[in-house]
Amino acid sequence: MTKLYELTIEQAQQKLRSGEISAVELTESVLNRIAAVEDRVQAFISVQADAALDAARAADTRRANGDDAPLLGIPIAIKDAILTKGTTTTCGSKILENFVPPYDATVTARLRAAGAIIIGKTNTDEFTMGSSTEFSAFHPTRNPWDLARVPGGSSGGSAAAIAAREALGALGTDTGGSIRQPASFCGIVGLKPTYGRASRYGLIAHGSSLDQPGPMANSVMDAAILLKIIAGHDPHDSTSLNVPVPDYPAELRHSGGFDGLRIGVPRDYFSAGLNPVVEKTIRAALAVAEENGAQLREISLPHTDAGIPAYYLISTAEASSNLSRYDGVRFGLRVPAASMWETYFETRAAGFGAEVKRRIMLGTYALSAGYYDAYYLKAQKVRTLIRRDFEAAFEQVDVIFAPTTPDVAFKLGQKVDDPLQMYLSDIFTVMANLAGIPGISLPAGFSDGMPVGLQILGPALGESVVLRAAHAFEQATEWHKVMPKIE
Ligand code: GLN
């Protein structure tokens with residue numbers, strides 16, 4: 026029999042509605058699972074067991090009174106880069122170690138309003154800067170498929186928690202791949218929405234023109250269920266889009282599958298540096314789509330090579346500005362010193378880790394007088410070219426199939442001292458953030474016993490077609506049903 030903590034959100038919804046299980050039973054099952062595996066996986070920075078059980082009891086009472094909110098009684102984990110009122114939110118940094126936010130992020134508030142039980146805050150690279158979760162100031166998270174490997178990052182805690190069945194769904198944030206890359210490494214589904222599709226209010230900012238929160242889950246349907254709840258306009262975020270939110274789960278129930286779908290195959294992505302097994306896996310996924318009625322077309326995204334340099338200039342420039350607020354005055358760590366300037370200096374020196382300092386310096390340099398035109402402005406121009414590459418591609422195709430990452434999860438410690446190698450693993454994911462378009466990663470096979478992710482990209486506000494293609498692939502394959510054995 027399926028254990029309660031192994032249920033998808035969709036299955037749990039049905040069992041809660043029919044009265045077969047209670048929110049308390051489901052939440053206890055998930056908390057017991059956390060107690061059983063968390064010493065090895067270490068997906069969480071904090072677990073709110075008592076608050077979760079209180080919320081579960083309240084959910085059962087609400088249901089008894091006729092309430093049928095979509096996530097009523099469903100345990101969800103939230104990346105510790107997203108504010109949760111009254112619950113410590115560290116963003117993986119010592120500088121925010123004791124920070125208790127006075128308000129909820131909009132996405133948190135929407136989950137609560139939908140009845141979700143917030144079970145815990147998941148680990149992240151400090152200020153979401155990283156691709157392995159090793160830059161968390163607290164502890165690394167381990168990949169449930171192989172505890173000697175990283176889960177990816179920066180939403181590695183959320184991805185590992187979903188793969189290890191320590192929550193039924195989770196939220197992550199994605200600035201350059203932080204939802205999709207860990208989803209790929211941990212064999213789960215992770216979706217980065219169109220820039221502006223979901224509100225950034227209450228996300229701890231990394232690169233404000235790139236950041237998006239999004240769902241992470243064990244099925245495409247579950248990602249659709251969560252996306253419907255978190256998407257939509259928010260007056261607190263001037264960049265959130267004021268356009269209606271489709272009923273994504275209902276669309277999937279009546280979707281046309283692959284029939285007639287035009288899929289782009291970017292020739293620029295199948296180049297040197299791609300693990301041959303990853304390439305074979307993506308080619309096999311394309312064959313599945315074609316057998317089921319899709320048309321494949323080769324396309325070109327000629328500015329692919331410029332993606333990493335553009336991303337690491339723009340994101341560090343924005344981060345250097347965003348992180349200036351951590352000065353020991355208003356919130357977070359404060360190291361008192363003789364003068365105001367020394368207090369700023371000592372606080373930031375003690376509170377930030379090495380990777381964050383590296384990025385603040387890179388970003389400050391890129392923005393400084395005399396270098397702005399050569400670096401930041403040029404990167405912005407490259408960004409426009411990348412966006413146009415995608416606009417041209419989406420005149421010919423409905424979605425693009427690509428690898429999520431060039432290789433599977435690497436070993437803990439393997440890249441931690443080599444920032445360039447770490448940055449290069451983001452090559453296929455940063456594009457969607459630079460272009461502002463949606464992308465999903467979902468399980469498509471294994472290499473060396475580790476999951477390989479298929480990335481599906483769509484045009485701006487094309488979440489529906491991205492989910493449709495992902496769902497069609499999931500229906501045609503069994504990869505999402507394989508669970509890791511944690512040992
Ligand atoms: N790995 C990328 C970086 O380190 C992306 C991070 C993210 O998306 N938050 O910047």
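If you read the sequence shown in the working numbering, its first letter stands for residue 26, the second for the next number, and so on.
Built from N, CA and C at the ideal position, the CB exists for glycine as well.
As the structure is a prediction and not an experimental result, all values here were calculated from the model.
Using a 10 Å radius around the Cβ and a threshold of 16 neighbouring Cβ atoms, would you call residue i buried or exposed?
i      : result
Val455 : buried
Leu410 : exposed
Glu159 : buried
Val490 : buried
Ala379 : exposed
Ala297 : exposed
Pro361 : exposed
Asn123 : exposed
Arg167 : buried
Met365 : exposed
Asn458 : buried
Tyr396 : exposed
Gln39  : exposed
Asn539 : The shown model of the chain, from 26 to 512, leaves out residue 539, and the question about it has no answer.
Thr115 : buried
Lys506 : exposed
Gln237 : buried
Val354 : exposed
Could you tell me how far apart the beta carbons of residue i and residue j are, in whole angstroms, since I believe they sit closer than 8 Å?
i      : j      : result
Arg322 : Leu172 : Wrong, their Cβ atoms sit about 41 Å apart, outside the cutoff.
Pro100 : Ala192 : 5 Å
Ala48  : Ala84  : 4 Å
Val214 : His328 : That pair is no contact at about 28 Å.
Arg225 : Asp262 : 5 Å
Phe210 : Val433 : 7 Å
Ala29  : Glu50  : Looking at the sequence shown, residue 29 is not Ala but Leu. Contact holds; Cβ gap of about 6 Å.
Glu488 : Pro218 : 6 Å
Tyr351 : Arg373 : 7 Å
Ile481 : Ala494 : 5 Å
Tyr294 : Pro207 : The Cβ separation is near 20 Å, so there is no contact.
Val268 : Leu486 : 7 Å
Thr33  : Asp247 : 5 Å
Gly461 : Arg412 : 7 Å
Phe163 : His231 : Not a contact, Cβ separation roughly 18 Å.
Ile107 : Ala74  : Not really, about 19 Å apart at Cβ, beyond 8 Å.
Ala61  : Pro509 : Going by Cβ atoms, the distance from Ala61 to Pro509 rounds to 14 Å, so no, they are not a contact pair.
Select from the options the residue whose C-alpha is nearest the C-alpha of residue i.
i      : options                           : result
Ser180 : Arg174, Thr198 and Ala130         : Thr198
Thr453 : Arg88, Ile250 and Ser156          : First, the amino acid is wrong: residue 453 is Phe here, not Thr. Of the candidates Arg88, Ile250 and Ser156, the one whose C-alpha sits nearest the C-alpha of Phe453 is Ser156.
Pro476 : Gly464, Trp170, Gln320 and Ala363 : Trp170
Ser325 : Ile288, Glu316 and Gly487         : Ile288
Ala94  : Ile254, Gln405, Arg413 and Phe415 : Ile254
Gly201 : Cys116, Glu50, Pro334 and Phe283  : Pro334
Arg137 : Ala314, Arg493 and Leu96          : Leu96
Gly227 : Thr166, Pro127 and Thr158         : Pro127
Ala68  : Ile144, Arg135, Asn90 and Ala130  : Ile144
Ala417 : Ser364, Tyr337, Phe163 and Pro484 : Pro484
Gly182 : Gly474, Asn243, Leu286 and Asp105 : Asp105
Ala195 : Asn168, Gly177, Lys146 and His164 : Lys146
Arg190 : Thr27, Thr341, Thr115 and Ser233  : Thr27
Arg383 : His258, Leu445 and Leu459         : Leu445
Leu437 : Leu78, Glu499, Asn458 and Arg174  : Arg174
Ser346 : Pro271, Ser234 and Asn57          : Ser234
Asn317 : Lys40, Ala134, His496 and Ile107  : His496
Leu479 : Ser450, Gly285, Phe426 and Phe152 : Phe426
Ile204 : Ala230, Ala242, Ile120 and Arg222 : Ala242
Lys305 : Ala162, Leu108, Ala399 and Phe471 : Phe471
Ala139 : Asp75, Asp150 and Leu251          : Leu251
Asp330 : Gly117, Asp414 and Val125         : Asp414
Thr86  : Thr112, Leu56, Leu41 and Thr109   : Leu41
Gly464 : Tyr448, Asp443 and Thr430         : Thr430
Leu338 : Leu56, Glu315, Thr368 and Met386  : Met386
Gly376 : Ile103, Lys119, Gly91 and Gly44   : Lys119
Glu45  : Ser340, Ala185, Val132 and Arg88  : Arg88
Ala314 : Ile103, Tyr369, Ile229 and Glu499 : Glu499
Cβ-heavy atom distance between residue i and ligand 2 below 6 Å?
i      : result
Gly201 : In the structure shown, ligand 2 is absent; the only ligands present are ligand 1.
Per DSSP, which one or two residues make a beta bridge with residue i?
i      : result
Glu323 : Val290
Ser466 : Gly215 and Gln480
Leu228 : Ile107
Val72  : Gly145
Ser472 : Met475
Gly239 : Gly197
Ile101 : Ile143 and Gly194
Thr112 : Thr109
Pro428 : Leu479
Lys382 : In the DSSP output, where bridge partners are listed per residue, Lys382 has none listed.
Lys436 : Arg174
Ala223 : Ala256
Segments assigned beta strand (DSSP E), at least 3 residues, entirely inside the segment 123-207: 142-147 and 194-199
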